[in-house]
Structures are given as C-alpha cells and as structure tokens.
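*Asks:* So for the sequence shown, the UniProt record's numbering puts the first residue at 1; every next one is plus one. Even for Gly, the Cβ is constructed at its ideal location relative to N, Cα and C.
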Amino acid sequence: MRLESMKHDNWEVYESLDDGSDGGNQFSRTNMKICRFCYVEGSDERGWLRPCKCSGSMLWVHKQCFNSWLGKASGRSRIQCQICRFRYKKVLLLKPWKEWCLPDFHLSFVDVLELLFDAFFIYRMKFVHTINKPTSIVIRILRTSYIFHRFGFYVRAFSAVASSFFSVVIIDAV
Numbered sequence: 001m002r003l004e005s006m007k008h009d010n011w012e013v014y015e016s017l018d019d020g021s022d023g024g025n026q027f028s029r030t031n032m033k034i035c036r037f038c039y040v041e042g043s044d045e046r047g048w049l050r051p052c053k054c055s056g057s058m059l060w061v062h063k064q065c066f067n068s069w070l071g072k073a074s075g076r077s078r079i080q081c082q083i084c085r086f087r088y089k090k091v092l093l094l095k096p097w098k099e100w101c102l103p104d105f106h107l108s109f110v111d112v113l114e115l116l117f118d119a120f121f122i123y124r125m126k127f128v129h130t131i132n133k134p135t136s137i138v139i140r141i142l143r144t145s146y147i148f149h150r151f152g153f154y155v156r157a158f159s160a161v162a163s164s165f166f167s168v169v170i171i172d173a174v
C-alpha cells in the first residue's frame, strides 16, 4: 500500500492506492484503538469507551481521559459530542458504601445568612402569605429573581448531597 499526495487549494490530500502489497501489519492496525485525547494506542478491551457516534480516529477514548476531559468541559460539551451532536448515555450508579462521603458545600458567609433568612421567612413569616400580598411590579420582579436564585442554590446543594452517594457514568454509545 502506498500513499500519493495531491494538492487541492490549501489542503494537501493523501490518497491511498492499493498496489497489491500486503502492508505487513494491516490487520493489526484495524484492531488498534487510539485515544482521541491522549493519542495513546492500545488493543485491550478494558479501559476504553465509545461515548458517541464519531468514527475514525475519534471513535475511542480512555475512560480516564474522557472523565478528566468531562470535568473541565463547558456546559454543552458535558451533555453531547461537539462533533457528531450525539447525546451521551449516562447511568446513575450507587457508590460502594466505602466511597460514601460527606458533601462539600463550600458555603460562604452570605450563603449561611441566606439560609437563615430562608428559614426565618418560611417558619416565622408564613412565606406563602407574603408572596400573595399585592405589591408593586418592581417588588414582584425582585422577589421572583430572589426565589429563582435560592432555587438554584438548593438544586446545587441537592446535587452535592446526591454526588456523595451516587456517581454518573457515561456508557458506550453502541
């Protein structure tokens, strides 16, 4: 097998021409997997993941490389492949009890004050009645904004608690 080079605009294209030669290790190259992140080759079955429908050199990744990349990726990249737009298949698994840990909330002083503020309004001021009182549109907008802000805080807190007992694993696309 030989490669022939052709120039097309600003791209150089290599065309494979089958000249009848065996190529020596052609069969072993088809079974070889190359990680799209670290470019290390391997043929063993353990430790590899095919997270999306990409093909060619983008087909395989090491599980460890993918999880490391996923921790640093932007929002949309954590959900789907940016090349083929395939949504990653995720499975929620219960961690072994030895890996359970206390959640790390990273609470600031302001967060603690807001928690106390939430508790005060919910239990002492009958929070439902304070929302239904007729007020100006500005107060309603500020109140709604604050409620969504607090809702986001509680979602993050729940996520921190859940991640101390569960792990999210991305499985093969096929």
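Which residues in the same chain as Trp-48 place their Cβ atom closer than 6 Å to its Cβ, once the five residues preceding and following it in sequence are excluded?
*Replies:* Here residue 48 is taken as the residue at index 48 of the sequence shown, counted from 1. These residues qualify, in order along the chain: Lys-33, Trp-60.
*Asks:* What's the gap between the Cα of Asp-111 and the Cα of Ser-159?
*Replies:* Within the sequence shown, numbered from 1, the residue matching residue 111 stands at position 111. Within the sequence shown, numbered from 1, the residue matching residue 159 stands at position 159. Between Asp-111 and Ser-159, the C-alpha separation is close to 16 Å.
*Asks:* How many angstroms separate the CA atom of Ser-108 from the CA atom of Cys-101?
*Replies:* Residue 108 sits at position 108 when you count from the first residue of the sequence shown. Residue 101 sits at position 101 when you count from the first residue of the sequence shown. Going by the C-alpha atoms only, they are around 21 Å apart.
*Asks:* For the stretch 85-96 against the stretch 149-166, are there 3 or more C-beta pairs whose distance is under 8 Å?
*Replies:* Yes: at least three Cβ pairs fall under 8 Å.
*Asks:* Indicate whether the contact test is met: 3 or more Cβ pairs, each with one atom in the stretch 77-85 and one in the stretch 44-58, closer than 8 Å.
*Replies:* Yes, the stretch 77-85 is in contact with the stretch 44-58.
*Asks:* For Val-174 and Arg-50, which I take to be in contact (beta-carbon distance under 8 Å), what is that distance rounded to the nearest angstrom?
*Replies:* Along the sequence shown, read from residue 1 onward, the residue named residue 174 stands at position 174. Along the sequence shown, read from residue 1 onward, the residue named residue 50 stands at position 50. The Cβ separation is near 6 Å, so the contact holds.
*Asks:* Determine the DSSP secondary structure at Val-161, reduced to helix, strand or coil.
*Replies:* Along the sequence shown, one-based indexing puts residue 161 at 161. Looking at Val-161 - three-state DSSP - the assignment turns out to be helix.
*Asks:* Pick out whichever of Arg-36, Asp-44, Lys-90 has its Cα sitting closest to the Cα of Trp-69.
*Replies:* Within the sequence shown, numbered from 1, the residue matching residue 69 stands at position 69. Nearest C-alpha to Trp-69: Arg-36.
*Asks:* What are the start and end residues of each continuous alpha helix (DSSP H) run of 4 or more residues lying completely inside the UniProt domain "RING-CH-type" (27-91), in chain order?
*Replies:* Runs found: 63-72.
*Asks:* For Gln-80, collect the residues of the same chain with a Cβ closer than 7 Å to its Cβ; drop the 5 residues on either side in sequence, then sort them by chain order.
*Replies:* Numbered from its first residue, the sequence shown carries residue 80 at position 80. Cβ within range, chain order: Phe-86, Arg-87, Tyr-88.
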